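Letter by letter, the sequence shown follows residues -19 to -1, 1 to 1186 in mature numbering (1 follows the signal peptide of the UniProt record, and there is no 0). Here's the structure we're looking at; comments come further down.
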Amino acid sequence: MTIFRVFLILHFSVFVLSACGGGGGSVESSDITEQPTPIVPQQVIANAQNYSEAELKTAGKSIADTSYAGITTVANMDIALTQQIYNLLFNDEGMTPPDLIVGNLTDYSDANGDVNTTLSCNRGGTVKYVGKLTPQSTGNLTATFDQCVPFNSVNTISGDGAISIKRIGDDTFEGSFFYNNLQWERYDQQISISGYLEILKDSSSEPFQYTNNKSHYLVLQREDEAKVFLQSNLRISQSSSEQSYVLTGSVYLSDEGRVDIATSNMDFEPSEYANGTVSFTGDRKTTLKFGTEYIRYAEDTDNDGELDAGVYFTGMYDLTNGSTVDKVLIPLSQLSLPPSAEKPVVIYEDPIYTSTPVRVRPSSYGDNDTKFEDLTISYAWYLNDTKIAGQSEAILPSAIAVFGDVLQVSMIVSDGINETESERTTVVMEDSLALIRFSDTPEIIRAGDVIEFMAELVDPDIRDVTNNAAGTMIGSPEGAVMDENGLIQWRVPSKLMFPFQTYDFTFQIGVSGDNQSYTMSISLDVKSEQALTLARTGTKAPTQNKNIHVGDFDGDGKNEILTTDNENTVFLLEYINEKYTQKWVYPFKVSAFRKITQVLAANIDDDDALEIVVVTTTGVHLINGLDGLATTIFESENRVKQAAVADIDSDGLDEIALLMGIYSDPDYTESVQVFNLAEPELVLFSSETANATYMEFGNVDEDASLELVINDGQVYDTQTWALEWLNENRFGDVISLGDLDNNGISEIVSASARGEITIHSAQSQSQIGLLGDQDICSVHTANVDSDPAEEIIAGVCSSRNISAYSFIDNGFSTNWSRSSVEYGVISITTGDSDNDGLLELHWAGGSAQSDDLLISDIYTEPSDIIPKIGIERTLLKSFSSAGWSQIVEGDERAVFFVPISSEGSVIVTLEPDGKYNISKEVSADNSASFHAVTTDFNNDGFGDIFLPITNNFDKSLAAIQLSNSVVQWQTPFDVTSKIGLVRAYDVNADGFDDSLYINRSKLEIINFIEQSTLASISFDEDLLDFTIFEVDGTLTLLVAYGEKLAVLKRADGQFSELSVIEQHCARIEVFNYDIDAELEIVCLDYTERNDFEDPQQLVIYDMDNFSLQEVKRSELSSLVVDIAIDTSTSDQQNLFLVSLVDSPEGFFYSDVPNRISLATSAGIPIWTGPNLIGIPTSHGLKVRAVEDQDLEIILSTSKMMYWIK
C-alpha cells in the first residue's frame, strides 16, 4: 500500500464519518476565550479552533522545515536509489500516516457546535478533540492522541494533530490535516510525522467526473532511519472517457539529498495496472516506465539530457523486492524484453532434512523475442535472506541449510542480454533426528583383535555441537562396553561361526517405549583365518560352455574337476576309491544377485595350486586357495558374456579376456577387455566387437606369441595387440584352437547350431575345411588317439551324439561317435581327472533341466570312449535338515532328508570332513512332505530318522535306521494326508522317543515302540508349527494354526486346550527371554513374501497359569524365515535368525541369498554371516551346544547342505 493510495483511502472517513471508535466519551462545556497570537507553531496546532487554515498551514510548514535538517543538494541518482524512492512513495505501508478522525465527531458537539470530548479508542487508549463545527460540519479541530489504537489498526498513536474542514458533502471534501510530531508505533517501530496535507476532492455521477488534488508538505521518519521530506502536488482525475495521474514535486532524503519527481502520460498510480512514466531527477535523470508486465528502468548515464541505458524489472515484485546489485545496464538500442520466469518447484519425493540435498526443477519460463532453446537457466539460493555464494545449480548440497533456517530459491532465466530472476520459493525442511557419529573405526578387523571407536550423538540441525552421550547401546557383541564419553571397547572373538561376519552395534536414542525413540547402528566387518564353512550340494552340471576344467586346485599333486551349475554353486570333484565325489564347495554366493556365467582355472602366483576364477554376469571374482574368500577383482554395469584365460606374456601369471555387452540386451556385445588377474585395474587391451559371443587364446601363426581369436572374426596378436586378421565371414558360435596337423601352429575350429564345423588357418587367412549339416553346441580339441595331431571333439545340440574327428589332408575322418545320456552336449573338455595318466572326456547334459555330468575314459587303441563307473547318478534337488545322529558308535554325522531327487526321496549323511553318503531310495516318488527328524527311538545306540515315505498312492511315516536304511516300523496314511513338521519327544515318559507330526489340521502322536497312537488332536485350520516342553512337570504343547496360538497340557494321558490367543505364528520356539528360571515363547509371524504393508514382527510371550501374556513385540528389518535358540546360555538367550536379503527390483525369488544372524531376544542383530546359497527350507535351521559351550549349526536350503562349526 502506498502513501498516496493510503491517504486517499484514509480520508474517505472525513466525509463518510463512519463510527470507527468505541463509545464512552463525554462532552465538556467550557468558555472559549480569544487566544493571543501564538509564539510558536506548535501552539497553533494545539489550538486549531482559534486560527485560520492559512495560519495552520504556515505553522505546519514551519514545523516541517524545522524537523528536517538533512542534505538539501541534489542526490546522486542510480537504480538502487530509484528503487528506494519508488518504495517510499508507493510501497511503504509502514510510513502511511494514521487516520486523525476516530468516531463520528458530530455526535459529540453541543447545540452551539462546540466540541470538547475524549473518546476511548476501540482497542485501547484515548483521543481528545477540541474545537468548533458549524451545522455544515466545517471548522477546525485539535486532536490529542494518548496511546490510541483505533479499530482495524495496528498503530498505537500519540501526539498532536489538527483538522481543518472547509467543505464537506457526500461526494465533496476540501480541507487539510496538520501534524505536530505525531507519533505512532507499528510492530515495535516508532514513526513520526510533521507538516500538513491539503486535499480537494469532488465527484459527480451525471456525467461521471472525479477529481482528487493533494498537496504534501510532510517530514516522516522511522526510528533511526533517514528522514523523508515530501513536497509534492498530486492531481488525479477520472471521467467516463479518460483518466490521468499527475504527480510533481520533490523528495528529500536526509542522507542522500533532493530528488525531483514527475509523472508523464500516467493514467493510474504507478503499479502493474498503470501506463506511463515516472521520472526521478537528481544529479542525473532516471525513469520507470510502466505499461507491460515488465517495468523498464532507464538512466541518462552521461548526463546529456538523453536516456541512453537501461534494464528491465521483471514485475512489481522484482521492482519492490528484487536486488539491484546484479542489474547490468544495457544500451537502450540493444535492450530487448527480458525472459519470464516463474518460481522453481521444490522436489519433495522424500522429506528434506539437513542431511539431504535439496533438489528443484524449473517451472514455466519463456521469452517473447528469444527462442526457447537459446534461454539458459540457473538458480539463486538464499539462506536467511542472504544469497549463498557459489550455488547456482538445481541441487543444493546437504548441510548448507539446517532446520530452522529460511531457505529460499529463485530461478534465473537469461536470454544472453537480460536476466530475469523469479520470485523465491521457500523450501520446507523437516526437523532431523539426532544421529550418532562414529569415528576411529578400524578399517581392517580380524578375529582376536582388540578394537575401540567413538560413538557421539549429534543433531544435524545444530551447527558445530556434539553431545558425548550416544544413547543406550541395546545390541552389541558379547564383551563390548561403552563408557560415559561414548568410547566403545571390544575384544573380537578368536573363533567365529563363519570366516567372515558383520558385527552390529545398535543404539537407542530416546526412552524405550516412547514414540519418539528410535535406533541407529554401525556394522563392522570381521575376517578370520579359519577354514571355509562346510557345505555340500551333490553333483551338478553346467549349462554353458567352458565350465568344466581339470587341474590341481589344492596343490596335492592330484587333479580335480572344477565346475558349476551356472547359477550360484562352484565346486570340485575328486576321484577317490573308484568314485567321483564332491571334494569342495564354495559355500557362499560370490555375487549376491548375479548368476555365474563361467568358472575358469588360472595361475596368479607361484604355488602348486591353481586359482579359481568365477565370472558372473557383471563381474569377475577370484578364489585364491580352497580356504580363501572370494574377492571381487572386476565389476561392470555391462554384461559379461564370456571369458578366456592364458599367460600371454610368459611371466607365469595368467591374464584374462572378457567379452562385454550391454546388460539390457544380452544378444549384443560391444567390447573385449584384457587385463592381468593380479593387477585388474591395469587394462592391457580394449577394442570394440561386433556381436561376439566366444573367444580363445592360442598360437595360430608362426611367431612365438599367443593370439586372441574372437568369433566375430577378429584375430589379435597379444604382444602388439595388432589386428592380424579380420575374417569378414566370422567364425561359428563356438570355437576351439588346436594343432590338427602337428605343425606347431593351431588351427581355428568353429561350429554352430544348425550349421557346420569349419576349419580356418590364420596363416593363410582362409577357410581350409568344412563339415556340413551339423548341429554343434560344444567343440573341443585334444589329442585323443595315438598320432601326435590333435582331434576335434564335437557335441550335438539336439541329440545324444558326441564324436571325435581327425583332420587329415583338409578332410574329416571320424575316430568314434557315441551316444550321451541326455539330449544335448555342452562344455566338452579333456583331462586326467582320475589321475591314472590317461585322458578322460568330460561333458554336461546340455540343458537347464539336466544335472548330468558325464565322464568317460578315452582309449587310443582302439579309438573309443567308455563311460566311467563311480559317477554320482543321484541328483539332489533340495534338502531338509533332520539333525545330528550317531550312525554307529563313534560316527556322528549331520543328517539331511532329500525329498526331491532323481531317484525319489533319499537320505544324505554328512561327515565332519565333508564326505557324504547317499542312501538308497527311501520313496519311489519325490515326497511332498519335506520334514524329518533324527532320533534313537529304540535306544539301541544306532541312529534313526522319522520321515515320510511316499510310494505311488501309499503314504506312511516311518522309522528308518540310518546305518543300513532298514525301515523299523511305519504307520500308514490315507491318500489325502500331507505330512508337515515332524518332531521326536518322549511324550508318555517311557524312556523312548515318540513321533509328533502335523497332518494338515491334526497333530498326531505315535508310539513307535508300542506301535500305537498316543493322541490325535484336531484343530479348526491347518497347523503351521508346534513345540512341546514341560512347565512345572506338566507336559505342554504350544500349537500355531491359522491366526491362532493355543496352549494345551497333558493330563491323564490326554491333551486339552487351556487357552488360545489371536496371533499368527509361522514359527514358535521356547526359550529364556529374561533372567528368571521361567521359560518364554517366541513367535515369528509371516515368513513368506507377501503384500502386507505391516513389517514382520517377533513377539515374546510369558506364560502365566497356561495363559499367554505378551511381553514384547519387535519389528524386523528383513524377512526372517526361520529361527533357532542359542543354547550356549541358560538365560537371556539370543536367537539365531535366517533371513532373506532384500533384492533389487527385477530379481527372481530363487536368486535371493539368505544369511544367518545372531540377534538379541528382541530381534536386534548382533552379527550376520555371509550370503548363503539357496532358499532356506522350512525348519531347516538347527543349533546345538557342544564342548565348552561352542555352537554348531546345520542349515538346509533348496540348493545346499551346511554344517557350520
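Cβ atoms here follow ideal geometry from the backbone N, Cα and C, with glycine treated the same way. All values reported here derive from a predicted model rather than from experimental measurement.
Go ahead and pull the three-state DSSP assignment for residue i.
i: VAL1164; result: strand
i: ASP299; result: helix
i: ALA61; result: helix
i: LYS38; result: helix
i: PRO22; result: helix
i: GLN171; result: strand
i: THR613; result: strand
i: GLU354; result: helix
i: ILE44; result: helix
i: THR98; result: strand
i: GLY600; result: strand
i: THR578; result: strand
i: SER286; result: First, the amino acid is wrong: residue 286 is Gly here, not Ser. Of the three classes helix, strand and coil, the one that applies to GLY286 here is coil, per DSSP.
i: THR337; result: coil
i: THR87; result: helix
i: PHE133; result: This sequence places Asn at residue 133; Phe is not what is there. Of the three classes helix, strand and coil, the one that applies to ASN133 here is coil, per DSSP.
i: GLY532; result: strand
i: ASP1169; result: helix
i: LEU663; result: strand
i: TYR67; result: helix
i: MET247; result: coil
i: GLN623; result: strand
Looking at the secondary structure, which residues open and close the beta strand (DSSP E) in which residue i lies?
i: PHE973; result: First-last for PHE973: undefined, no H or E at that position.
i: GLU330; result: No beta strand (DSSP E) contains GLU330, which DSSP labels as neither H nor E.
i: GLN1113; result: Element bounds for GLN1113: n/a, residue is neither H nor E.
i: TYR675; result: Looking at the DSSP string, TYR675 is not in any beta strand (DSSP E), and its letter there is neither H nor E.
i: LYS1186; result: Counting along the chain, LYS1186 falls outside any beta strand (DSSP E), and DSSP gives it neither H nor E.
i: THR114; result: According to the sequence as given, residue 114 is Leu; it is not Thr. Start and end: 107 to 114.
i: TRP702; result: Unbroken run through TRP702: none, as it is neither H nor E.
i: ASP608; result: Note, ASP608: premise wrong, no beta strand (DSSP E); not H, not E.
i: GLN489; result: 481 to 490
Which same chain residues end up closer than 6 Å to residue i when comparing Cβ atoms and leaving out the 5 residues on each side of it in sequence?
i: ILE846; result: ARG799, LEU822, SER837, ILE839
i: LYS270; result: THR258, ARG277
i: ILE998; result: LEU984, PHE1036
i: THR351; result: ASP396
i: PHE249; result: TYR226, ALA255
i: GLU179; result: SER157, SER196
Is residue i near residue j, with beta carbons less than 8 Å apart?
i: SER1177; j: THR1158; result: yes
i: ALA743; j: VAL760; result: no
i: TYR334; j: MET410; result: yes
i: PRO338; j: ILE376; result: yes
i: THR267; j: THR63; result: yes
i: VAL566; j: ALA516; result: yes
i: TYR298; j: ASN399; result: no
i: ILE1056; j: LEU1089; result: no
i: PHE210; j: TYR191; result: no
i: LEU640; j: THR670; result: yes
i: ILE1156; j: ASN1135; result: yes
Leaving aside the five residues before and after residue i along the sequence, list all residues of the same chain whose C-beta is less than 8 Å from its C-beta, in chain order.
i: ASP925; result: SER866, THR915, THR916, ASP917, PHE918, ASN919, ALA940, ILE941, GLN942, LEU943, GLN949
i: THR855; result: GLY519, SER882, SER883, GLU884, VAL887, ILE899
i: TYR1022; result: SER982, PHE1000, ASP1001, GLU1002, ASP1003, LEU1004, LEU1005
i: GLU688; result: PHE678, GLY679, ASN680, VAL681, ASP682, VAL696, TYR697, ASP698, THR699, GLU705, ALA743
Is there at least one Cβ from chain C nearer than 8 Å to residue i's Cβ?
i: ALA290; result: Judged by its chain identifiers, the structure shown contains no chain C, having just a single protein chain.
Excluding the 5 residues preceding and the 5 following residue i in the sequence, name in chain order all residues of the same chain whose CB lies nearer than 7 Å to its CB.
i: GLY713; result: ASN692, SER731, ALA732, SER733, GLY736, THR739
i: SER904; result: GLY885, SER886, ILE930, THR931, ASN932
Unbroken beta strand (DSSP E) runs of length 3 or more, entirely within the segment 926 to 996: which are they? 935 to 942, 947 to 954, 960 to 966, 975 to 980, 983 to 988
Quick one: which unbroken beta strand (DSSP E) runs of 3-plus residues sit fully inside the segment 136 to 163? Chain order, please. 136 to 149
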